[in-house]
Amino acid sequence: MPALRFECQPGCTKCCQVRGFVYLSEDDLQRAAAYVGMTAQAFEAKYVIRYRQLLRLRKPRHAQCHFLNGEGCSIHPAKPTQCRLYPFWPELVENRAAWKKESRLCPGIGKGSLIQIGSACDIASGMKSAYPTMYGNSR
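Each residue of the sequence shown is one higher than the last, beginning at 437 in my numbering.
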């Protein structure tokens with residue numbers, strides 16, 4: 437796969453509005469809870485579902501993220517790894533067709549400076565580290 441281009445577009449929140457779940461690592465849970473001034477236990481009770489060794493934000497599959505408001509992500513400095521690394525997810529950067537398909541959803545794909553595939557894969561490895569059960573790894 438050749439080098440990729442990506443630059444998050446100012447004011448864009450399309451990735452926060454698409455269907456699907458937002459997964460959290462234990463570190464993500466701690467960071468988000470601290471950011472909103474809650475204990476991890478209280479944050480989890482209010483915003484998180486544990487399902488088969490995975491943590492995910494409570495939201496209907498076809499609804500936007502609870503933390504998305506008119507100004508963007510209300511927990512941006514503490515947002516989950518999945519959100520921070522988008523679109524550099526293994527399933528996207530390791531598959532040319534998937535990257536191209538994602539470009540129809542994300543206006544930042546194809547813009548900005550060239551990113552070498554090795555660098556993109558290094559970034560994507562953060563997803564594998566944060567969510568080992570999703571990617572068949574164990575810590």
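For glycine and all other residues, C-beta sits at the position ideal for the given N, C-alpha and C.
Pairing Tyr-471 with Ala-499, the inter-Cα distance amounts to about 23 Å. The C-beta distance from Cys-448 to Gly-548 rounds to 13 Å, too long to fall under 8 Å, and the pair is not in contact. In this structure, Ala-556 lies near Leu-440, with their beta-carbon atoms less than 9 Å apart.
Proximity to Trp-525 across Val-458, Asn-505, Pro-446 and Gln-453 peaks at Val-458, based on C-alpha coordinates. Val-484 is bridged by DSSP to Leu-493. Take Cys-542, set aside five residues on each side of it, and the residues of its chain with a beta-carbon closer than 7 Å to its own are Lys-450, Cys-451 and Pro-523, in chain order. For Lys-547, the enclosing beta strand (DSSP E) begins and ends at 545 to 551. Just measuring C-alpha positions, the residue of Gly-546, Thr-517 and Gln-552 sitting nearest Lys-564 is Thr-517. According to DSSP, residue pairing for Cys-509 in a beta bridge involves Leu-504. Bounds of the alpha helix (DSSP H) holding Arg-520 are 517 to 521. Ile-559 and Lys-482 have their C-alpha atoms spaced approximately 30 Å apart. DSSP places Leu-541 in no beta strand (DSSP E); its state is neither H nor E. For Arg-467, the enclosing alpha helix (DSSP H) stretches over residues 462 to 471. When the Cα atoms are used, Ala-514 and Ala-469 turn out to be separated by approximately 9 Å.
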